[in-house]
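With the sequence shown counted from 1, adding 109 to any position gets you the working numbering.
Backbone N, C-alpha and C define an ideal beta-carbon position, used for all residues, glycine too.
In this text, all values refer to a predicted model and were calculated from it rather than measured experimentally.
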Amino acid sequence: MVGWTMGLEGWLWMGVWVLALVAMVWLLVREPRRSGRDEALDTLRSRLARGEISRDEFEAARRLLDS
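Here's what the structure looks like:
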């Protein structure tokens, strides 16, 4: 019997819980990763909205991204 001290297994379990808590917090606060294709499509949409490219150019570039 260990008595009032935690012993080695208590410290190990506490370390496991601390690591699990840190991992959960990290997963919640990290920035989500976006695929490059989504960013490229967003850029295309922005350029179309600003009038930098025509609708035909937008469609051609979108088809190229989808392939």
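Going by DSSP in three states, Glu-161 sits in which element: helix, strand or coil?
For Glu-161, the three-state secondary structure derived from DSSP is coil.
Do you know offhand how far Asp-147's Cα is from Arg-172's?
Each residue's CA atom was taken as its position, placing Asp-147 and Arg-172 some 13 Å apart.
Distance, Cα to Cα, Asp-151 vs Ser-176?
Rounded to whole angstroms, Asp-151 to Ser-176 spans 17 Å at the Cα level.
In whole angstroms, what is the alpha-carbon distance linking Arg-164 and Met-133?
Near 44 Å, if we compare the C-alpha coordinates of Met-133 and Arg-164.
Could you tell me the distance, in whole angstroms, from the CA atom of Trp-126 to the CA atom of Leu-137?
Distance from the CA atom of Trp-126 to the CA atom of Leu-137, rounded to whole angstroms, is 17 Å.
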